[in-house]
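Counting from 24, one number per residue, gives the positions in the sequence shown under our numbering.
The structure under discussion appears below in the form of structure tokens.
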Amino acid sequence: MLVWINGTISQPEDARISVFDRGFMYGDSVYEAVRFFDGVGVGMDQHVQRLRRSLAYTKITGFKPDDYRIICRSLMESLQTEDAMVYLQVTRGVQIPRRHCPDSNLTPSVIAVGSPAASLESMTQPMQISVTVEPDLRRMHCDVKATNLLENVLATMAAEQMQAQEPILQLDGVLTEGSSSNIFVVQGTTVRTPQLNHPRPILPGINRQLALDAAQALGLRIEETSISAKELRDADEAFITSSSRVLASIQAVDGRSIRSGSIGAVTLQIHDELVRRIRAGSSITPQT
Ligand code: PDD
Numbered sequence: 024m025l026v027w028i029n030g031t032i033s034q035p036e037d038a039r040i041s042v043f044d045r046g047f048m049y050g051d052s053v054y055e056a057v058r059f060f061d062g063v064g065v066g067m068d069q070h071v072q073r074l075r076r077s078l079a080y081t082k083i084t085g086f087k088p089d090d091y092r093i094i095c096r097s098l099m100e101s102l103q104t105e106d107a108m109v110y111l112q113v114t115r116g117v118q119i120p121r122r123h124c125p126d127s128n129l130t131p132s133v134i135a136v137g138s139p140a141a142s143l144e145s146m147t148q149p150m151q152i153s154v155t156v157e158p159d160l161r162r163m164h165c166d167v168k169a170t171n172l173l174e175n176v177l178a179t180m181a182a183e184q185m186q187a188q189e190p191i192l193q194l195d196g197v198l199t200e201g202s203s204s205n206i207f208v209v210q211g212t213t214v215r216t217p218q219l220n221h222p223r224p225i226l227p228g229i230n231r232q233l234a235l236d237a238a239q240a241l242g243l244r245i246e247e248t249s250i251s252a253k254e255l256r257d258a259d260e261a262f263i264t265s266s267s268r269v270l271a272s273i274q275a276v277d278g279r280s281i282r283s284g285s286i287g288a289v290t291l292q293i294h295d296e297l298v299r300r301i302r303a304g305s306s307i308t309p310q311t
């Protein structure tokens, strides 16, 4: 087995990339895998076409999909085999420090793994396997702080195009959470935030709970309930919470100011109480 990393072929044990590679940090990458028999990639044109599509969807630029052919050839020459599997991964590149929204000038990391494989002549019979049936929960469990954040990254890129710092995500007509935060709206003196399990599990943010605890201590009415995008746009006040921003007041939604665009009185109260509690080292109410 040999590994191509950005133009250099290495032994697998010497193949390394940065821990700041966005492929590692966010799953911000695409891949393909082609099987070669007698030096010919099975469906190579289709693989290149699918790679082009994946790169376009993810807006990963700087890698020419047709170069996959050249990389495969180079790996197979080095492996001195015509029967191989060649895995290719193109990540958005290395970015320091970690930040959801990618810098515009990143160079993609290109990694390919060539592994010698059986020849077509030796494959006289299909292999026999057993299977199980499992629920399809792919990308469903947003309550788990997993690092496959490609869609979060793409939403953040879309927000940045609109000069916004955080996309608030919507599913089945209701808001779920921010791409790296939890969302709250304030209507009068009622503080509302999406429930943790509907329409899909969301991240039980530590700062979400801190903000709820603060709101409760202030005697505000709290509702964990479905919130529509319209309710966010029409809210008196709105804010997000997260470890990096603690509590950030929302000034505008989709380019339109909410309220007067200033920090609302309830938001300010919750912020101040939250900061006071952090300073005092208050413990958080366990989330159920
Ligand atoms: N993000 N929802 C999502 C999808 C998040 O990624 C985060 C945190 C939150 C808020 O959780 P907490 O209050 O526990 O930080 C909600 C971190 C800050 C990040 O990815 O950088």
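Idealized CB from N, CA, C, for every residue including glycine.
Taking the CB atoms as reference points, tell me whether LEU233 and ARG300 lie closer together than 8 angstroms.
-> yes
For GLY287, the nearest candidate out of GLU296, GLN274, VAL298 (CA to CA) | GLN274
Does DSSP classify VAL57 as helix, strand or coil?
-> strand
DSSP bridge partner residues for GLN210 (one or two, in chain order) = THR213
Which one of GLY62, GLN193, ASP89 has the shortest CA to CA distance from GLN69?
-> ASP89
Go to PHE47, then tell me how far its alpha helix (DSSP H) extends in each direction, as first and last residue.
-> 45 to 49
Which residue or residues does DSSP assign as beta-bridge partners of GLY201?
-> ILE191, SER204
Coil, strand or helix - LEU233 by DSSP = helix
Taking 7 angstroms as the cut-off, does the CB of ILE229 come closer than this to any heavy atom belonging to the ligand PDD?
-> yes
For LEU78, I'd like the list of residues in its chain whose CB is within less than 8 angstroms of its CB, leaving aside the five on either flank, ordered along the chain.
-> VAL53, THR84, PHE86, PRO88, VAL113
Which residue comes first and which comes last in the alpha helix (DSSP H) that contains ILE225?
-> Careful: ILE225 lies outside any alpha helix (DSSP H) and carries neither H nor E.
Express the C-alpha separation of ARG45 and ALA135 in angstroms, rounding to a whole number.
-> 16 angstroms
Please report the residue range of the alpha helix (DSSP H) in which THR290 lies.
-> 288 to 303
Status (buried if at least 16 other CB within 10 Å, exposed otherwise) for PHE43 = exposed
Output the distance between the C-alpha atoms of ILE281 and MET180, rounded to the nearest integer angstrom.
-> 22 angstroms
Mind reading off the beta-carbon distance from LEU198 to PRO217? Whole number of angstroms is fine, and I expect it under 8 angstroms.
-> 6 angstroms
Compute every distance between the C-beta of LEU198 and the non-hydrogen atoms of the ligand PDD, then say whether any falls below 7 angstroms.
-> no
Looking at C-beta atoms only, is the number of pairs between the segment 167 to 174 and the segment 60 to 69 that lie closer than 8 angstroms three or more?
-> no
Report buried or exposed for GLN118, applying the criterion of at least 16 other Cβ atoms within 10 angstroms of its Cβ.
-> buried
Say yes only if the C-beta of SER306 is nearer than 7 angstroms to one or more non-hydrogen atoms of the ligand PDD, and no if none qualify.
-> no
Give every residue of the same chain whose Cβ lies closer than 6 angstroms to the Cβ of SER272, excluding the five residues on either side of it in the sequence, and list them in chain order.
-> PHE262, ILE286, THR290
PRO149 and LEU102: beta carbons closer than 8 angstroms?
-> no
Euclidean distance between Cα positions of TYR49 and GLU247 | 29 angstroms
Quick one, which of GLU105, ARG92, SER267, ALA56 has its alpha-carbon nearest ALA141's?
-> GLU105
What is the rounded straight-line gap between the Cα of ARG76 and the Cα of ASP126?
-> 22 angstroms
Meets three-Cβ-pair contact criterion under 8 angstroms: the segment 154 to 162 and the segment 24 to 43 | no
To which residues of the same chain is PRO222 closer than 7 angstroms at the C-beta, ignoring the five residues directly before and after it?
-> LEU194, ASP195, VAL197
Residue span of the beta strand (DSSP E) that contains VAL65, given as start and end | Taken as a continuous stretch (DSSP letters only), VAL65 belongs to no beta strand (DSSP E), as it is neither H nor E.
In angstroms, rounded to a whole number, what distance separates the CA positions of GLN188 and LEU143?
-> 53 angstroms
Between THR216 and the ligand PDD, is the CB less than 7 angstroms from at least one heavy atom?
-> no
Could you give the DSSP three-state label for ALA140: helix, strand or coil?
-> coil
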